[in-house]
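Its first residue numbered 333, the sequence shown is counted upward by one per residue in this note's numbering. In this text, a Cβ means the ideal position worked out from N, Cα and C, and glycines have one as well.
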Amino acid sequence: MPCARHCRTQPAAVPPVQRKARLGAVNDPAEREADRAADRVLAGHSAGIASPSAIPSATVRRKAAAADRGSGAEAAAGALARQTGAPLSASERAYFEPRFGRDLSAVRLHTGGAAARAADRIVARAYTVGQDIGFASGEYRPETVAGRRLLAHELAHTLQQQAEGTVRRDPKPAVADPELEVGTRLREPSYSAGYDLAFYDQDEPEAQRRAADFAGRERAIGIKDAKFTAGSLVFGKAISGANAIKETVPKIAGLVNAALAKVPAAPGLPAETAAAPGKIRALAVFAHGTESWCSLSVTSSNAPGIFKTIAPYLSSTVRIILYTCSSAKGPTENLGETEYEKWRKGTFESGGKTSMAAIVRDALVDAKVENAHVWGHTTVGHTSRNFALREFEGNAGKGKGTEGHSFAGHYVFDSAMRKETVDAIVAAIGARGYVVDPTAKAFGSAVASVVSDAFYAAYAEANRKLTGNNPAEEAPLYTYETAQRILEYWKDTYWPREMAEAVSNVIKAARLKKAPPPSAKP
Numbered sequence: 333m334p335c336a337r338h339c340r341t342q343p344a345a346v347p348p349v350q351r352k353a354r355l356g357a358v359n360d361p362a363e364r365e366a367d368r369a370a371d372r373v374l375a376g377h378s379a380g381i382a383s384p385s386a387i388p389s390a391t392v393r394r395k396a397a398a399a400d401r402g403s404g405a406e407a408a409a410g411a412l413a414r415q416t417g418a419p420l421s422a423s424e425r426a427y428f429e430p431r432f433g434r435d436l437s438a439v440r441l442h443t444g445g446a447a448a449r450a451a452d453r454i455v456a457r458a459y460t461v462g463q464d465i466g467f468a469s470g471e472y473r474p475e476t477v478a479g480r481r482l483l484a485h486e487l488a489h490t491l492q493q494q495a496e497g498t499v500r501r502d503p504k505p506a507v508a509d510p511e512l513e514v515g516t517r518l519r520e521p522s523y524s525a526g527y528d529l530a531f532y533d534q535d536e537p538e539a540q541r542r543a544a545d546f547a548g549r550e551r552a553i554g555i556k557d558a559k560f561t562a563g564s565l566v567f568g569k570a571i572s573g574a575n576a577i578k579e580t581v582p583k584i585a586g587l588v589n590a591a592l593a594k595v596p597a598a599p600g601l602p603a604e605t606a607a608a609p610g611k612i613r614a615l616a617v618f619a620h621g622t623e624s625w626c627s628l629s630v631t632s633s634n635a636p637g638i639f640k641t642i643a644p645y646l647s648s649t650v651r652i653i654l655y656t657c658s659s660a661k662g663p664t665e666n667l668g669e670t671e672y673e674k675w676r677k678g679t680f681e682s683g684g685k686t687s688m689a690a691i692v693r694d695a696l697v698d699a700k701v702e703n704a705h706v707w708g709h710t711t712v713g714h715t716s717r718n719f720a721l722r723e724f725e726g727n728a729g730k731g732k733g734t735e736g737h738s739f740a741g742h743y744v745f746d747s748a749m750r751k752e753t754v755d756a757i758v759a760a761i762g763a764r765g766y767v768v769d770p771t772a773k774a775f776g777s778a779v780a781s782v783v784s785d786a787f788y789a790a791y792a793e794a795n796r797k798l799t800g801n802n803p804a805e806e807a808p809l810y811t812y813e814t815a816q817r818i819l820e821y822w823k824d825t826y827w828p829r830e831m832a833e834a835v836s837n838v839i840k841a842a843r844l845k846k847a848p849p850p851s852a853k854p
């Protein structure tokens, strides 16, 4: 859940309180950074945290008004200051410290009554003051995915606030040594999980535009000439497909790691974290494609050799993103006759075990990449905004030969969300005075069809209407964050508007009858 609309920095006498709200969203760089960090941690990535001085000043965070200084925020800080708190458990530190790359021994957790009452006062699930994290009643649940994500989010805030008192440095003068310049850049927090590469079909203008957008947004590494020296590397640039993936990736990786060797990691970092900037976090391909080919001369036949060759340069949680048509659909897979059927099934159904994306995943499993994620499209559509997405996973040598799961059906509208929606429809039907048996076959068929239609329509609409970066483009990199954005659109916009009609459609399709009036008393 995003943080509250009124997250604010307190006066100097009270450490800044950053809170995780029950409801609402905030356009705050510190909150977005904490959400991204939590997503990366849960996905197995390293999560670098920038200091507050690196966050743009034009944010919605603000000083508390005079009337607020003695109320909720100050009470929250006081509640934590008066308590000792508990350190992270050994298992929590073992999980979070390698991912954040920082010592978390100073963090203290507060789950008692005073902290919970303070959380209620500021309408928060959890809140952070310096190195102290307070939780509302029942919100500290690290054994659950949601609880672990909440804790990761708040830990990110403790790291942000560690740097509140640090000295801001003037920009460094230009570095004469290109290797030193590249290495210094790669030691920045934004590359703590590795760097990205984006290859595009040089004969396809739209692919080039989308690759350029991706490279700029993710600060991918490109090349400006064929010399392949450190001076050839450019940040924020895509790579022409005239440079073959199999030959180009090892060359860039060699330059990157030579540059990093000149800029040692900060003392005390775990070895894996220190080495992470030298690995490829994501490799994206923007090109024409089919179920077994893409226009960068990658085919189902040669893909295993290409990806086994570059496997040593990939991070343990790498994401390979095939922004190419039909790369996640098997050559003989039937998604339906009509375009609507193809899009709907391709968006929500698992499959594609013989697709190009699956073959790439299988090659990475064979190459012992620990936790590989390969993404592709199931249909013919827009280069990067095609929302019919599947993800193929390989984990610790397992997953080879398995189907890919749909992004929409696995991360957004999963079985729990389907049950929640069906339960809401059943309750609404009862409130209208109709008799409904949720176990009846006719009702089950009717409600399943209506809910599936609603999920697909909402998903398509969210991809069209959500502001900011396009969900289909971002999902392969920021999977949980993107799923949350779409779910919020469903809950806040689509379902409140469409629920009444959906209930009526179920009543009609299932031919439900009104309950008889109660018998009149004699």
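Q.
Can you list, in chain order, the residues of its chain with a C-beta nearer than 8 angstroms to that of R750? Leave out the 5 residues immediately preceding and following it.
A. Cβ neighbours of R750 within its own chain (closer than 8 angstroms, five residues either side excluded): V783 and F787.
**Q.** N-terminal and C-terminal residue of the alpha helix (DSSP H) that G600 is part of
**A.** Premise fails: G600 is in no alpha helix (DSSP H) and is neither H nor E.
Q. If you draw a straight line from the alpha carbon of E752 to that of Y791, how long is it in whole angstroms?
A. Straight-line Cα distance between these residues: approximately 17 angstroms.
Q: Could you tell me whether the Cβ atoms of S629 and A576 are closer together than 8 angstroms?
A: Yes. Within cutoff.
Q. From the DSSP output, which residues share a beta bridge with K730?
A. K730 has N727 as its beta-bridge partners, per DSSP.
**Q.** Inter-stretch contact (C-beta, 8 angstroms, three-pair minimum) for the stretch 615-634 and the stretch 681-690
**A.** Enough Cβ pairs lie closer than 8 angstroms, so yes.
Q | Residues that L721 bridges to, as DSSP identifies them | A | Looking at the DSSP output, L721 bridges to H709.
Q. Is D769 helix, strand or coil when you go by DSSP?
A. Coil at D769, not helix or strand.
(Q) Which residue wins for smallest C-alpha separation from Y812, given the options R693, A451, A366 and R372? (A) When only C-alpha atoms are compared, the closest one is R372.
Q: Taking S524 and A616 to be in contact with their CB atoms under 8 angstroms, please state how far apart those CB atoms are, rounded to whole angstroms.
A: With 8 angstroms as the limit, S524 and A616 do not qualify as a contact, their Cβ atoms being about 19 angstroms apart.
(Q) What residue range does the beta strand (DSSP E) around T460 cover? (A) That run of the beta strand (DSSP E) goes A456 to V461.
(Q) With distance defined between alpha-carbon atoms, name the residue in D435, Y655 and Y810 nearest to E536. (A) Closest by alpha carbon: Y655.
Q) Can you name, in chain order, every residue of its own chain whose Cβ lies under 6 angstroms from the Cβ of S514, other than the five neighbours on each side? A) Note that residue 514 corresponds to Val in the displayed sequence, not to Ser. Taken in chain order, the residues that qualify are A562, L565 and A591.
Q) Which residues in the same chain as D557 place their Cβ atom closer than 6 angstroms to its Cβ, once the five residues preceding and following it in sequence are excluded? A) Closer than 6 angstroms at Cβ, skipping near neighbours: S564.
Q.
Quick test of your reading: R722 and G708, contact by CB under 8 angstroms. State the CB separation rounded to the nearest angstrom.
A. Yes, they are in contact, since the Cβ atoms of R722 and G708 sit about 6 angstroms apart, within 8 angstroms.
**Q.** The alpha helix (DSSP H) enclosing V566, as first and last residue numbers
**A.** Where V566 is concerned, there is no enclosing alpha helix (DSSP H), although the beta strand (DSSP E) it sits in stretches over L565 to F567.
(Q) If contacts are defined as beta-carbon pairs under 8 angstroms, then V768 and G762 qualify, I think. What distance do you get, rounded to the angstrom? (A) 6 angstroms between Cβ atoms; contact.
Q.
Comparing C-alpha positions only, which one of S522, I584 and G800 sits nearest to E550?
A. Of S522, I584 and G800, the residue nearest in Cα terms is S522.
**Q.** 3 or more residues per run - each beta strand (DSSP E) lying fully within the stretch 482-559
**A.** DSSP runs (the beta strand (DSSP E)) wholly in the stretch 482-559: 527-532 and 553-555.
Q | Residue burial classification, S378 (beta-carbon count within 10 angstroms, cutoff 16) | A | By the 10 Å Cβ count, S378 comes out buried.
Q | Per-residue DSSP class, three states only, for K846 | A | Of the three classes helix, strand and coil, the one that applies to K846 here is strand, per DSSP.
Q) How should E833 be labelled, buried or exposed, when 16 other C-beta atoms within 10 angstroms of its C-beta is the threshold for buried? A) The residue in question, E833, is exposed, as its Cβ has fewer than 16 Cβ neighbours within 10 Å.
Q) If you drop the 5 nearest sequence neighbours on each side, which residues of the same chain put their C-beta closer than 6 angstroms to that of L512? A) Sequence-distant partners of L512 (beyond 5 residues in either direction) whose C-beta falls short of 6 angstroms from its own C-beta, in its chain, are K594.
**Q.** Which listed residue (P596, A780, V744 and P770) has its alpha carbon closest to that of A804
**A.** If we check each option's Cα against that of A804, V744 comes out closest.
Q) Helix, strand or coil: which one does DSSP assign to L696? A) L696: helix per DSSP, three-state reduction.
Q) What's the call for V835, buried or exposed, on a 16-neighbour Cβ count within 10 Å? A) Looking at its Cβ environment, which holds 16 or more other Cβ atoms inside 10 Å, V835 is buried.
(Q) Can you tell me where the beta strand (DSSP E) holding D464 begins and where it ends? (A) Unbroken beta strand (DSSP E) run through D464: D464 to F467.
Q: Please state if the CB of A426 and the CB of R440 are separated by a distance shorter than 8 angstroms.
A: No.
Q) How many angstroms separate the CA atom of P388 from the CA atom of I818? A) Confidence is the limiting factor: at P388 the pLDDT is only 40, short of 50, which leaves the residue's position unreliable and the question unanswerable from this model.
Q) Going by beta carbon distance, what residues of the same chain come within less than 7 angstroms of Y826, once the five residues before and after it are set aside? A) Here the set comprises A790 and E793.
Q | L374, DSSP secondary structure in three states | A | Taken through DSSP and simplified to helix, strand or coil, L374 comes out as helix.
Q: Pull up the distance between the alpha-carbon of M688 and that of A780, whole angstroms please.
A: Answer to the nearest angstrom: the Cα atoms are 31 angstroms apart.
Q: Would you mind giving the Cβ-Cβ distance between T605 and G433, rounded to the nearest angstrom? I have them listed as a contact below 8 angstroms.
A: Contact flag correct, Cβ pair sits at about 4 angstroms.
**Q.** Residue burial classification, Y672 (beta-carbon count within 10 angstroms, cutoff 16)
**A.** The residue is exposed, with fewer than 16 neighbouring Cβ atoms inside 10 Å.
Q: Quick one: residues in its chain with C-beta nearer than 8 angstroms to the C-beta of L798, no 5 flanking neighbours on either side, listed in chain order?
A: Closer than 8 angstroms at Cβ, skipping near neighbours: R817, I818 and Y821.
Q: Would you decide whether W755 is buried or exposed? Buried here means 16 or more other CB atoms lie within 10 Å of its CB.
A: First, the amino acid is wrong: residue 755 is Asp here, not Trp. D755 comes out exposed.
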